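Working notes for the structure below.
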DNA sequence: ATGGTAGACAATCTA
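Numbering (our numbering), first residue to last: 6 to 269.
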């Protein structure tokens with residue numbers, strides 16, 4: 006079975022490319038982030054014609070996450086327990102969607118960006134990750150054998166290897182000790198980055214800014230991950246980053262990450 | 001020259 010995660014940066018703009026990558030990589034379950042549309046606006050038909058079901062949550066032009074599956078979608082859950090909100094009035098954003106697909110509890114996650122180290126949005130990001138850690142720890146307490154895949158855009162580069170320049174990101178978000186600690190806490194709760202050993206760095210990235218020719222200059226970050234529970238991690242046979250998808254006109258600023266699971 | 005690119009939506013906001 007193949008799992009994948011992709012920050013598509015607008016599903017309406019890129020639906021044909023996304024369906025094509027499902028077929029190109031024989032993907033069974035795809036976690037999408039930044040769909041940038043409401044549930045009504047989500048273009049489900051192209052996925053259904055390709056044999057997939059879709060679960061989506063989107064409130065407006067920002068955020069939006071989905072799970073796309075051809076191995077069933079059960080127990081769809083919008084948001085995780087304790088997920089902090091944002092805005093005025095404070096409300097949960099469309100940043101987390103869970104669904105059970107082919108026996109795997111898949112979460113499509115779009116971690117808040119943080120914006121800058123002095124911005125309240127960074128505290129929101131840290132709270133959000135702490136709450137996710139608590140929820141994840143509880144899921145594992147309830148069922149230590151659960152196959153859980155926390156997939157998405159984590160907006161954190163966990164190590165210095167995961168950015169093109171340590172100096173460039175000093176004083177910016179994504180590499181601060183606080184953000185890295187928040188990511189490490191999720192790992193400590195029992196979720197392993199299942200992609201890294203199959204996609205070694207340095208210079209291995211999943212995101213490149215649209216500006217300043219960042220992609221051809223190989224100036225990127227590794228911020229998209231699949232964190233697996235022990236039972237899920239034990240099934241991972243391979244993983245890769247589809248860097249080709251970032252090339253050319255009309256690409257997202259992220260590349261998809263694909264994880265191959267062995268059969269149970 | 002407060003730049004550069006992309007998307008949603010229609011004056012800015014987000015990344």
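Cβ atoms here follow ideal geometry from the backbone N, Cα and C, with glycine treated the same way.
Just so you know, these numbers come straight off a predicted model, no measurement behind them.
Three or more Cβ pairs closer than 8 Å define a contact, and the region 236 to 244 falls short of that threshold against the region 48 to 56.
According to the DSSP secondary-structure assignment, residue 197 is paired through a beta bridge with 233. Boundaries of the beta strand (DSSP E) harbouring residue 61: 58 to 62, taken from the DSSP string.
A direct Cα-to-Cα measurement between residue 68 and residue 131 gives close to 17 Å. By a beta-carbon distance limit of 8 Å, residue 188 contacts residue 163. Their separation comes to about 5 Å. Taking a contact as a CB-CB distance under 8 Å, the pair residue 33 and residue 70 does not count as one, their CB atoms being some 18 Å apart.
According to the DSSP assignment, residue 16 belongs to no beta strand (DSSP E) but to the alpha helix (DSSP H) extending over 16 to 29. When the beta-carbon positions are compared, residue 109 and residue 158 stay at least 8 Å from each other. In this structure, residue 99 sits away from residue 72, with a CB-CB distance that is not shorter than 8 Å. Cβ atoms of residue 246 and residue 209 come within 8 Å of each other, at about 7 Å. With contacts defined by Cβ atoms closer than 8 Å, residue 259 and residue 214 do not form a contacting pair.
In summary, residue 96 is exposed, with fewer than 16 beta-carbon neighbours lying within 10 Å of its beta-carbon over all protein chains present. Per DSSP, the continuous alpha helix (DSSP H) segment holding residue 144 begins and ends at 125 to 147. As summarised for the region 213 to 266, the continuous alpha helix (DSSP H) elements at least 4 residues long and confined to that stretch are 235 to 238, given in chain order. Here residue 12 is bridged, per DSSP, to 38. Of the residues assessed, residue 147 falls on the exposed side of the cut-off, its CB having fewer than 16 other CB atoms within 10 angstroms.
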